[in-house]
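Q:
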Amino acid sequence: MTDKINELLRRVEEFKPKAAAEIEDFRIKILGKKGELNALLEEFKSVAPELKRELGQKINHLKSVATERINTLREQMQQAAADAPETEDMSRPGSAEELGSRHPISLVKNQIVEVFSRLGYTVAEGPEIEDDWHVFSALNFPPEHPARDMQDTFFVEKNPDILLRTHTSSIQVRTMEHQKPPIRVICPGRVFRNEAISYRAHCIFHQIEGLYIDEGVSFADLKQSLLYFAKEIFGEQTAIRMRPSYFPFTEPSAEVDVSCNLCGGKGCPVCKGTGWLEIMGCGMVDPNVLKANGIDPEKYSGFAFGMGIERIAMLKYGVKDLRLYFENDVRFLHQFDTAL
Ligand code: PHE
27 MTDKINELLR RVEEFKPKAA AEIEDFRIKI LGKKGELNAL LEEFKSVAPE
77 LKRELGQKIN HLKSVATERI NTLREQMQQA AADAPETEDM SRPGSAEELG
127 SRHPISLVKN QIVEVFSRLG YTVAEGPEIE DDWHVFSALN FPPEHPARDM
177 QDTFFVEKNP DILLRTHTSS IQVRTMEHQK PPIRVICPGR VFRNEAISYR
227 AHCIFHQIEG LYIDEGVSFA DLKQSLLYFA KEIFGEQTAI RMRPSYFPFT
277 EPSAEVDVSC NLCGGKGCPV CKGTGWLEIM GCGMVDPNVL KANGIDPEKY
327 SGFAFGMGIE RIAMLKYGVK DLRLYFENDV RFLHQFDTAL
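Throughout, our numbering is defined as the position within the sequence shown, counted from one, plus 26.
#1: Any contact of the stretch 286-293 with the stretch 210-229, i.e. 3+ C-beta pairs under 8 Å?
#2: Can you grab the Cα-Cα spacing for the pair ASP29 / GLU101, in whole Å?
#3: Where do the N-terminal and C-terminal ends of the alpha helix (DSSP H) with HIS26 fall, by residue?
#4: In the structure shown, what three-state DSSP assignment does THR300 receive?
#5: Is it right to say GLU336 is buried, meaning 16 or more other beta carbons lie within 10 angstroms of its own, or is it exposed?
#6: Under the three-state reduction of DSSP, which class applies to SER285: helix, strand or coil?
#7: For PHE331, verify whether its CB is less than 7 Å away from any heavy atom of ligand 1.
#8: If you run the structure through DSSP and keep just helix, strand and coil, what is GLY82?
#9: Considering ALA330, what are the terminal residues of the beta strand (DSSP E) in which it resides?
#10: Just confirm the distance between the C-beta atoms of GLU304 and ASP283, as a whole number of angstroms; I'd bet it's less than 8 Å.
#11: Give the DSSP-derived three-state secondary structure of ARG226 in the structure shown.
#12: Going straight from the alpha carbon of ASP115 to that of SER121, what length do you get?
#13: Quickly, what does DSSP pair PHE181 with across the bridge? List them, please.
#14: Which residue spans inside the stretch 78-163 form an unbroken beta strand (DSSP E) run of at least 3?
#15: Which same chain residues end up closer than 8 Å to GLU39 when comparing Cβ atoms and leaving out the 5 residues on each side of it in sequence?
#16: Can you tell me the Cβ-Cβ gap for ILE56 and GLU62, rounded? I've got them flagged as a contact below 8 Å.
#17: For ALA246 and ARG267, I'd like the C-alpha separation in whole angstroms.
#18: Could you tell me which of SER117, SER327, LYS135, CYS229 sits nearest to ILE209, measuring between CA atoms?
#19: Sorted by chain position, which residues of the same chain lie with C-beta nearer than 8 Å to LEU350's C-beta, five sequence neighbours on each side aside?
#20: Taking the beta strand (DSSP E) that VAL211 belongs to, which residues open and close that run?
#21: Give every residue of the same chain whose Cβ lies closer than 7 Å to the Cβ of ILE239, excluding the five residues on either side of it in the sequence, and list them in chain order.
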């Protein structure tokens, strides 16, 4: 019996598992219910009484050595698994972190904000889900105006008072609510219109609008500010022209064109032979709008302007399809990295 015990002790000490599963198999074989240790204890029952003391001690020793060895091996195996990545092939090429780039719409928005901040404008923001007052009523839209129609505006649920803003002029109304003149704000944001998606229109796009109210603000101030803006964004050689237009919230109103920087004003397919590209709407704030927002039109005057950021970005970068801005194809987006 002593030989058997010694033999088992030797096997326990020499046991070198290659995988965690082998340790468990070994434990069951030696220490399990039907294992070799229990077989020895069974045999121990019929051992002569004078040998019991010595053999008993040996078996106990074997049991504790086996238990300890198995626990140690388990721990070593776990540690090795945790350390494993470090023992991997260190010469393998690393997996490079892909750097993102700023979206061209953000780039252009930031540039426009920067230009106007030099003229003293600060950025104002507002909610995308708006009410009729901030988008239409406070801006002198007559009740029957087509923009209020389901065809043009996305309403939220069935409530005609809650809608997705169709322009960021709503932010200008919110600014006038809590700020007294002089007011000089630039309002960037996402706007929503029920339009068919094509290469030149989308139902979601970005606008940036401006509002300047103070004593004695004139149309000449408006024109000079927009000329400065156009030169900063499209280049020093850029000229602007204004064509009479109509907006419910401005009077007089104008459409602003910049000289086509592709053909230098001679006429090309991009400007459809005219030499001019339309970039925004503008005008002197209608006295009704000032009144509706608690500003005395006898004392103050102001101008407002608004443009689509996608449109400016298309002209600036020569992008012909507006849908590219929404598809998030990294091959398209990465081209603007250098503009960072
Ligand atoms: N809010 C107008 C639009 O969305 C743009 C605009 C702003 C025109 C300010 C004139 C003055 O089309």
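Using N, Cα and C, we set each Cβ at its ideal position, and we do this for glycine too.
A: On the basis of the coordinates in this document:
#1: Under the three-pair Cβ rule at 8 Å, the stretch 286-293 does not count as touching the stretch 210-229.
#2: For this step, residue 29 is matched to residue 3 along the sequence shown. For this step, residue 101 is matched to residue 75 along the sequence shown. ASP29 and GLU101 have their C-alpha atoms roughly 30 Å apart.
#3: The structure shown does not extend to residue 26, since the chain is modelled only from 27 through 366, so no value can be given for it.
#4: In the sequence shown, residue 300 corresponds to position 274, counting from 1. In this structure, THR300 counts as coil in the three-state DSSP scheme.
#5: As a position in the sequence shown, residue 336 is number 310, starting the count at 1. Taking all protein chains shown into account, GLU336 has 16 or more neighbouring C-beta atoms within 10 Å of its C-beta and is therefore buried.
#6: Position 259 of the sequence shown, counted from the start, is the residue given in the question as residue 285. In this structure, SER285 counts as strand in the three-state DSSP scheme.
#7: In the sequence shown, the residue the question calls residue 331 occupies position 305. Yes; taking the cut-off as 7 Å, the Cβ of PHE331 has a heavy atom of ligand 1 nearer than that.
#8: As a working note, residue 82 is residue 56 in the sequence shown. Helix, per DSSP.
#9: The residue given as residue 330 occupies position 304 in the sequence shown. That run of the beta strand (DSSP E) goes 327-334.
#10: Indexing the sequence shown from 1 puts residue 304 at position 278. Indexing the sequence shown from 1 puts residue 283 at position 257. The C-beta separation of GLU304 from ASP283 comes to about 5 Å, placing the pair in contact by the 8 Å criterion.
#11: Taking the sequence shown and counting its residues from 1, one reaches residue 226 at position 200. In the three-state reduction of the DSSP assignment, ARG226 falls in the coil class.
#12: The count along the sequence shown starts at 1 and reaches residue 115 at position 89. The count along the sequence shown starts at 1 and reaches residue 121 at position 95. Distance from the CA atom of ASP115 to the CA atom of SER121, rounded to whole angstroms, is 14 Å.
#13: Here residue 181 corresponds to residue number 155 of the sequence shown, with the count starting at 1. In DSSP, PHE181 forms a bridge with LEU189.
#14: At a cut-off of 3 residues, the continuous stretches assigned as beta strand (DSSP E) that sit fully inside the stretch 78-163 are 155-157.
#15: Translated into positions along the sequence shown, residue 39 becomes position 13. For GLU39, where only same-chain residues beyond five positions count, the Cβ hits under 8 Å are VAL91, ARG95.
#16: For the purposes of this step, residue 56 is taken as the residue at position 30 of the sequence shown. For the purposes of this step, residue 62 is taken as the residue at position 36 of the sequence shown. Correct: roughly 5 Å between the Cβ atoms.
#17: Here residue 246 refers to the residue found at position 220 when the sequence shown is read from its first residue. Here residue 267 refers to the residue found at position 241 when the sequence shown is read from its first residue. Inter-residue distance for ALA246 and ARG267 is about 13 Å (C-alpha atoms, whole angstroms).
#18: Taking the first residue of the sequence shown as 1, we reach residue 209 at position 183. Measuring from the Cα of ILE209, the nearest candidate turns out to be SER327.
#19: Within the sequence shown, residue 350 is the residue found at index 324, counting from 1. Hits under 8 Å: PHE358.
#20: Working through the sequence shown from its first residue, we reach residue 211 at position 185. Its beta strand (DSSP E) spans residues 209-218.
#21: As a first step, residue 239 must be located in the sequence shown, where it is residue number 213. In chain order, PRO207, PRO208, ILE209, VAL311, ILE321, TYR326, GLY328 place their CB closer than 7 Å to the CB of ILE239, counting only its own chain and leaving out the 5 sequence neighbours on each side.
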